[in-house]
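Number 977 in the numbering used here belongs to position 42 of the sequence shown; there are no gaps in the numbering. One structure below.
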Amino acid sequence: MLTFTLKRLAIGLLCLVGVSLIIFVAMRVSGDPTLLLLPDDALPEDRHAMRVQLGLDLPVPVQFGVFLENAFLGDFGNSIRWKMPAMSLVLSRLPATLQLAALAFLIAAVFGLLSGVAAARLRGTVYDSLIRFVMTLGLALPVFWIGLMLIMTVSVNMGLLPTSGRGTFWHMLLPAVTMALNPAAALSRLTRSSMLNVLGTDYIKLARVKGNSDSRVVWKHGLRNASIPVVTLAGIQLANMIGNTVVVETIFAWPGTGKLIIDAILARDFPVVQAAICLIAAIYIGLNLLVDLLYGVLDPQIRY
936 MLTFTLKRLA IGLLCLVGVS LIIFVAMRVS GDPTLLLLPD DALPEDRHAM RVQLGLDLPV
996 PVQFGVFLEN AFLGDFGNSI RWKMPAMSLV LSRLPATLQL AALAFLIAAV FGLLSGVAAA
1056 RLRGTVYDSL IRFVMTLGLA LPVFWIGLML IMTVSVNMGL LPTSGRGTFW HMLLPAVTMA
1116 LNPAAALSRL TRSSMLNVLG TDYIKLARVK GNSDSRVVWK HGLRNASIPV VTLAGIQLAN
1176 MIGNTVVVET IFAWPGTGKL IIDAILARDF PVVQAAICLI AAIYIGLNLL VDLLYGVLDP
1236 QIRY
């Protein structure tokens, strides 16, 4: 287990370096940030002084080396726009993103598991077909379209929920549902498929012969043994949710890291974009490592 964990951590570090390189190059080719920071009539000497201050006068490989060295120390430099440490700014927005992602994941997990188990138990019925149709629709619809339709129907036409800001629980509901629909559909489809495979096995038949109730057989014996692929997908979906906040937070003006990334990109604020995306990548890698370690808990036959 220790060897496996260390190996995965090493791979994760390499992935972080790769992500850092991609973002570093993408931000450098997007344009000169001094065009936004200084007025149009600024003197060339002023622009050069600003580039020197930002470290943009150095060769690109040197800039990347300095960036990596500082990044591993948690220092991504100061924000060009907000004039404060980039990582501190990102961390100040992170609780809002995690709060939204946690609620969305809870909604997705509850509805995904319940609908998947129900579809497996009602296989071949009209209810099974209805659940599968809804879940297929949930997978097909893009996140931004779902968000816009919810705003138009629930907020604008019905006036039930607020469309933007972070004040109360009700401000979270629409963006959380928007984020949850696609993961819920994916979890439901996989839960149904896994449950159908498990419910046809001999040990499930033996559990029924022993007089166990149908609910006990399904929830204790069936779902536990069908949960390994579901847990894998759930971990991936949770990580994807944190990435999807870029779209959802922009639509609903939710003050999290996703909206911060968009604002920083528009301002060509290199330090903030790099800090935010590296942090999201680290969370993504950490969640996938946690899922791998949970395998041994869910299935004692799995050993590393």
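For glycine and all other residues, C-beta sits at the position ideal for the given N, C-alpha and C.
Original post:
If A1121 sits next to L1074, beta carbons under 8 Å apart, how far is it from one beta carbon to the other, in whole angstroms?
Top reply: The residue given as residue 1121 occupies position 186 in the sequence shown. The residue given as residue 1074 occupies position 139 in the sequence shown. 6 Å between Cβ atoms; contact.
Original post:
Is any heavy atom in the ligand FMN found nearer than 7 Å to the beta carbon of S1123?
Top reply: In the structure shown, the ligand FMN is absent, as is every other ligand, since no ligand is present at all.
Original post:
So, P1110 versus F1187, is the Cβ gap smaller than 8 Å?
Top reply: Here residue 1110 corresponds to residue number 175 of the sequence shown, with the count starting at 1. Here residue 1187 corresponds to residue number 252 of the sequence shown, with the count starting at 1. Cβ distance < 8 Å, so P1110 and F1187 count as in contact.
Original post:
Between the C-alpha atoms of L1225 and A1174, what's the straight-line distance to the nearest angstrom?
Top reply: Position 290 of the sequence shown, counted from the first residue, corresponds to residue 1225. Position 239 of the sequence shown, counted from the first residue, corresponds to residue 1174. When only Cα atoms are considered, L1225 and A1174 end up about 11 Å apart.
Subject >> Segments of 4+ residues assigned as alpha helix (DSSP H) that fall wholly inside the region 1109 to 1183 >> reply: 1137 to 1144
Original post:
Between V1208 and the rest of its own chain, which residues show a CB-CB distance below 8 Å, the 5 nearest in sequence each way excluded?
Top reply: Taking the first residue of the sequence shown as position 1, residue 1208 is located at position 273. Once the five neighbours on either side are set aside, the close Cβ partners of V1208 are I958, M962, I1196, A1199 and I1200.
**OP:** Identify, in the order they occur along the chain, each residue of the same chain with its Cβ nearer than 8 Å to the Cβ of W1017, setting aside the five sequence neighbours on each side.
**Re:** Indexing the sequence shown from 1 puts residue 1017 at position 82. If we look at W1017 and ignore the five residues flanking it on each side, its Cβ neighbours are L1024, D1204 and V1207.
**OP:** Pick helix, strand or coil for P1020, following the three-state DSSP scheme.
**Re:** Residue numbering aside, residue 1020 sits at position 85 when the sequence shown is read from its first letter. Reduced to three states, the DSSP call for P1020 is strand.
Original post:
Are the beta-carbon atoms of T1126 and G1051 separated by less than 8 Å?
Top reply: Position 191 of the sequence shown, counted from the start, is the residue given in the question as residue 1126. Position 116 of the sequence shown, counted from the start, is the residue given in the question as residue 1051. The Cβ-Cβ distance between T1126 and G1051 falls below 8 Å.
Original post:
Count the other CB atoms within 10 Å of the CB of W1080; is the residue buried (16 or more) or exposed (fewer)?
Top reply: Here residue 1080 is taken as the residue at index 145 of the sequence shown, counted from 1. So W1080 ends up on the exposed side.
Subject >> Same chain, Cβ closer than 7 Å to R1101, neighbours up to 5 away in sequence not counted >> reply: The residue you call residue 1101 lines up with position 166 of the sequence shown. So the list reads A1031, W1189 and P1190, once near-sequence residues are dropped.
Original post:
What does DSSP give as the partner residues of N1013 in its beta bridges?
Top reply: Here residue 1013 refers to the residue found at position 78 of the sequence shown. Answer is P1020, bridged to N1013.
Original post:
Under a three-way DSSP split, which group does M1093 fall into?
Top reply: As a first step, residue 1093 must be located in the sequence shown, where it is residue number 158. Note: M1093 maps to coil in three-state DSSP.
Subject >> Three-way DSSP call (helix, strand, coil) for P1206 in this model >> reply: Your numbering for residue 1206 matches position 271 in the sequence shown. Helix at P1206.
**OP:** Starting from R943, trace the alpha helix (DSSP H) both ways and give me its first and last residue.
**Re:** Residue mapping note: residue 943 aligns to position 8 of the sequence shown, counting from 1. Element bounds for R943: L937 to R963.
Subject >> Other residues of its chain near V1091: CB distance less than 6 Å, five sequence neighbours each side excluded >> reply: By 1-based counting over the sequence shown, the position of residue 1091 is 156. Closer than 6 Å at Cβ, skipping near neighbours: no residue.
Subject >> First and last residue of the uninterrupted alpha helix (DSSP H) at A1199 >> reply: Numbered from 1 along the sequence shown, position 264 holds the residue referred to as residue 1199. Here the alpha helix (DSSP H) through A1199 covers T1192 to L1201.
Original post:
In angstroms, rounded to a whole number, what distance separates the CA positions of S1150 and S1123?
Top reply: As a first step, residue 1150 is located in the sequence shown; it is residue number 215 there, counting from the start. As a first step, residue 1123 is located in the sequence shown; it is residue number 188 there, counting from the start. C-alpha separation (whole angstroms): 18 Å.
Original post:
Around the C-beta of T1136, are 16 or more other C-beta atoms found within 10 angstroms, so that it is buried, or is it exposed?
Top reply: Position 201 of the sequence shown, counted from the first residue, corresponds to residue 1136. Burial call: exposed.
**OP:** Spatial neighbours of D1063 within its chain, please: CB distance less than 6 Å, with the 5 preceding and 5 following residues excluded, ordered by chain position.
**Re:** As a first step, residue 1063 is located in the sequence shown; it is residue number 128 there, counting from the start. Counting only Cβ-Cβ distances below 6 Å, and skipping sequence neighbours, we find A1054 and L1057.
**OP:** Note the first and the last residue of the continuous alpha helix (DSSP H) segment covering M1080.
**Re:** Numbered from its first residue, the sequence shown carries residue 1080 at position 145. Before going further, note that residue 1080 is Trp rather than Met in the sequence given. From DSSP, the alpha helix (DSSP H) with W1080 extends over V1078 to L1085.
Subject >> alpha helix (DSSP H) segment containing G1100, residue limits >> reply: Looking up residue 1100 in the sequence shown gives position 165. For G1100, no alpha helix (DSSP H) encloses it, and the DSSP letter there is neither H nor E.
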